[in-house]
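Chemist: A single structure is presented below for examination.
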Amino acid sequence: MTTLAELLHPPFWRERAQVLGAGGSAAPARVTVSRVRLVIAGGREDLEGGDLLVVFGTTDQHWWWDALVRRVRDSGAAGVMVCSAHEAQAGGSAAALARRLGVAMVMLEGSQQDLLEFAAQARVHLQAPRLRDADILTALQAAQGEQRPESMRPVLDQFSALIGADVWLGVENGPLLAHTEGVVTVPQEALARFDPGAALTAKDEYLYVRQPFRVGKQRYLLGARLPADSPAEAVRQAGRVVALGSVYAARWYAELQLAGQVLGSARNAVLDQAFAGTAPASSLEQRAADLGLPLTGWHLAFFLAPADPVPGLGDVLEDALQIVRATTVLLPRDGGWAGWVQFSSAPSAARLQEVVRDLRAVYRKTARGIEISMGVGRAGEGVDHLRQALAEARDAAQLAATKAAGRRFVRADGLGATRLLLSWTESAPFLPRAMGLLEPLDDLGAEYRRTLLAYLDSSLSTAQAAKVLGTHRNTVRMRIDRIREVLGVDLASRDERLALHLALRATEHRPS
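Residues 1 to 512 in full-length UniProt numbering are what the sequence shown spells out, letter by letter.
Here it is, written out as structure tokens:
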């Protein structure tokens with residue numbers, strides 16, 4: 001436990017800190033910090049006394065800053081740390097509220113990267129009383145280097161060399177994200193929710209030393225696997241390594257999320273403009289090229305949809321896509337991960353089959369530890385086809401999600417348009433929506449459903465529908481008017497007619 005003033009003591013930080021909240025320049029000396037927490041702007045986490053909240057990312061929800069200040073005051077947390085990028089959002093009403101409520105709010109002059117650097121150094125400072133091993137500190141500095149490495153694997157290898165044992169990184173109660181060569185799997189007990197009394201877990205002739213850390217709401221575990229008969233000093237050394245290593249891992253994932261948000265937003269913006277045709281083609285192609293987003297030429301689109309949000313999934317997928325023997329693009333989109341395989345010229349049927357096999361291998365590798373489905377669109381050329389192919393791939397992934405685990409891989413061109421549409425209407429995602437859409441008809445009686453189906457089948461002909469139903473056309477007209485009123489639909493709209501038609505067919509043989 002230390003004070004905010006001690007964390008800001010190095011001149012590099014002290015000279016750039018500006019107190020926005022209560023207490024003026026004397027406030028940091030009175031604020032006691034027991035833990036440094038990275039918080040994503042716009043998110044919500046449970047706070048504890050002594051927490052110093054370092055906010056990264058941005059949010060358009062200006063009310064969130066006022067709410068954060070109130071939650072800091074109510075929880076007894078130490079205070080809030082922001083940077084120059086937040087001045088427009090946090091420097092007004094939130095700062096005034098902090099002064100009124102006696103909450104310490106400090107703005108660091110600099111970028112969000114500087115803020116993450118401060119958080120990492122502050123965490124090391126808090127850990128210092130029990131982490132004095134010079135070799136570990138040296139290894140941490142070497143692991144950080146001048147730039148963030150593309151993956152955690154080389155960092156884990158360095159930590160592994162320090163303790164002579166395998167090191168792994170995973171999501172608490174979730175999948176294994178990275179590991180050294182000797183680790184293939186980690187038992188469920190080692191990835192279970194962390195309990196300070198169970199930092200050391202024994203399983204299958206191994207000891208698992210674990211250290212938790214958080215980035216935003218997500219909890220991770222960094223751990224080491226040692227033989228069960230390891231001497232006590234080796235276990236203690238492993239504990240020191242994973243404790244200090246977790247500080248670096250937290251910073252790495254925070255930077256990854258920040259970089260991913262920026263790149264993903266920029267790529268999606270360019271893609272949306274390309275699909276809408278709202279920007280000059282020449283400038284758009286250049287911006288797309290600068291972002292590593294090829295839009296011209298031939299492509300094969302795919303879409304990966306995790307059952308639940310998985311932190312670091314993009315990094316896992318990028319690693320898995322190394323299997324594909326072609327250039328690939330991947331970006332977060334529509335609640336999942338969209339991408340495509342890029343070809344320099346029209347691919348032959350044999351080449352397409354080869355790439356599809358590679359994509360299936362990507363799915364199998366990813367699905368070993370993550371519940372995920374994958375859809376693949378049809379190959380084609382140009383931006384217009386890419387838009388259609390990504391939509392096809394997304395629909396195919398949605399259909400794949402209804403299949404048994406390990407078989408959630410669907411190709412749109414293997415289904416055909418009609419079969420894909422009919423299969424989707426029978427799937428779990430569609431049926432609840434279909435039943436909800438038609439639910440208001442339940443009170444009118446089954447004849448109203450039959451009338452609506454006959455009316456749509458007859459291309460809105462009351463005479464033909466009456467003939468099919470064996471009733472008078474005025475009866476059909478009266479029922480259709482009532483259906484319009486109850487459902488609030490416009491049957492002159494082709495989209496609304498299609499939605500109703502599909503819903504009726506999907507629920508035709510199900511009890512109402």
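Glycine included, each C-beta is placed from N, C-alpha and C at the ideal position.
Note that the structure is predicted; figures quoted are calculated from it, not measured.
Under 8 angstroms, do V36 and L52 count as touching if we go by C-beta distance?
Modeler: Against a cut-off of 8 angstroms, the Cβ pair of L52 and V36 comes out as a contact.
Chemist: Helix, strand or coil for Q261? Go by DSSP, reduced to three states.
Modeler: Q261 falls in the helix class under three-state DSSP.
Chemist: Starting from the N-terminal side, write out each stretch of the beta strand (DSSP E) that is 3 residues or longer and does not extend beyond the stretch 180-261.
Modeler: As far as the stretch 180-261 is concerned, its whole beta strand (DSSP E) runs of at least 3 residues are 200-203, 206-215 and 218-227.
Chemist: Do the stretch 105-118 and the stretch 255-262 make contact, defined as three or more Cβ pairs closer than 8 angstroms?
Modeler: Touching, yes.
Chemist: Out of curiosity, what's the CA-to-CA distance linking D166 and G377?
Modeler: Roughly 40 angstroms between the two C-alpha positions.
Chemist: Under the three-state reduction of DSSP, which class applies to E172: helix, strand or coil?
Modeler: In this structure, E172 counts as coil in the three-state DSSP scheme.
Chemist: Going by C-alpha distance, which of W252, S265, V171 and P440 is nearest L116?
Modeler: Cα-wise, what sits closest to L116 is W252.
Chemist: Please state whether DSSP places H62 in a helix, a strand or coil.
Modeler: Three-state result, H62: coil.
Chemist: D46 by DSSP, collapsed to three states: which one?
Modeler: Coil, per DSSP.
Chemist: Express the C-alpha separation of A506 and residue 516 in angstroms, rounding to a whole number.
Modeler: Given a span of 1 to 512 for the chain in the structure shown, any question on residue 516 remains unanswerable.
Chemist: Between which residues of its own chain and F409 is the CB-CB distance below 7 angstroms, once the five residues before and five after are set aside?
Modeler: The residues are R360, Y363, M374 and A400.
Chemist: Put R37 into one of helix, strand or coil per three-state DSSP.
Modeler: Strand.
Chemist: For G223, which option in D229, R214 and S246 has the closest C-alpha, if you only look at C-alpha atoms?
Modeler: When each option's Cα is compared against that of G223, the closest is S246.
Chemist: Ordered along the chain, which non-local residues of its own chain (more than five positions away) have a Cβ less than 6 angstroms from that of A396?
Modeler: G375, V410 and A412.
Chemist: Consult DSSP for I372 and reduce its assignment to one of helix, strand or coil.
Modeler: Here I372 sits in strand by DSSP.
Chemist: Confirm, please, whether the CB-CB distance from R225 to V183 is below 8 angstroms.
Modeler: Yes, these two residues count as a Cβ contact at 8 angstroms.
Chemist: What are the boundary residues of the beta strand (DSSP E) that A17 is part of?
Modeler: It spans A17 to V19 - the beta strand (DSSP E) in which A17 sits, taken as one unbroken run.
Chemist: Mind checking which residues open and close the alpha helix (DSSP H) that includes Q121?
Modeler: That run of the alpha helix (DSSP H) goes Q112 to Q127.
Chemist: In the structure shown, what three-state DSSP assignment does R357 receive?
Modeler: DSSP places R357 in helix when its eight states are reduced to three.
Chemist: Below 8 angstroms on the Cβ atoms is my contact criterion, and I expect A119 with V31 to pass it. Report the Cβ-Cβ distance as a whole number of Å.
Modeler: About 16 angstroms separates the two Cβ atoms, so there is no contact after all.
Chemist: Answer with buried or exposed for S160, where buried requires no fewer than 16 other C-beta atoms within 10 angstroms of its C-beta.
Modeler: Flag for S160 reads buried.
Chemist: State buried or exposed for W65, treating a residue as buried only when at least 16 other CB atoms are found within 10 Å of its CB.
Modeler: It counts as buried.
Chemist: Cβ atoms of V324 and D290: under 8 angstroms apart, would you say?
Modeler: Contact flag unset, no.
Chemist: Starting from D395, trace the alpha helix (DSSP H) in both directions and tell me its first and last residue.
Modeler: Run containing D395: V383 to A400, per the alpha helix (DSSP H) assignment.
Chemist: Going by Cα to Cα distance, which pick from V476, V356 and D442 is closest to S458?
Modeler: Closest by alpha carbon: V476.
Chemist: Report the rounded CA-to-CA distance for T418 versus T58, giving the unit in angstroms.
Modeler: Its pLDDT being 45, under 50, T418 is placed unreliably in this model, and the value from its coordinates should be taken loosely. Taking the straight line from one Cα to the other gives about 44 angstroms.
Chemist: Excluding the 5 residues flanking T201 on each side, which residues of the same chain have their C-beta closer than 6 angstroms to its C-beta?
Modeler: E189, A190 and Y208.
Chemist: List the whole-angstrom C-beta distance separating A434 from A503, where the pair is believed to meet the contact cut-off of C-beta under 8 angstroms.
Modeler: So it is a contact: roughly 4 angstroms between Cβ atoms.
Chemist: Indicate the three-state DSSP secondary structure (helix, strand or coil) for E6 in the structure shown.
Modeler: In the structure shown, E6 sits in a helix (DSSP, three-state: H, G or I).
Chemist: Let me confirm a value: E233 is counted as buried when at least 16 other C-beta atoms fall within 10 Å, else exposed. Which label applies?
Modeler: Exposed is the call here.
Chemist: Which residue or residues does DSSP assign as beta-bridge partners of R449?
Modeler: Looking at the DSSP assignment, R449 forms no beta bridge with any residue, so it has no partner.
Chemist: Measuring only the C-alpha atoms, how far is L108 from A96?
Modeler: Each residue's Cα considered, the two are about 17 angstroms apart.
Chemist: So which of L271, W13 and F302 has the shortest CA-CA distance to L293?
Modeler: Among L271, W13 and F302, the Cα nearest to that of L293 belongs to L271.
Chemist: Identify the continuous alpha helix (DSSP H) that holds A405 and give its terminal residues.
Modeler: Element bounds for A405: n/a, residue is neither H nor E.
Chemist: For H472, which beta-bridge partners are listed by DSSP?
Modeler: H472 pairs with nothing; no bridge assigned.
Chemist: Does the Cβ of Q262 have 16 or more other Cβ atoms within 10 Å, making it buried, or fewer, making it exposed?
Modeler: This sequence places Val at residue 262; Gln is not what is there. It counts as exposed.
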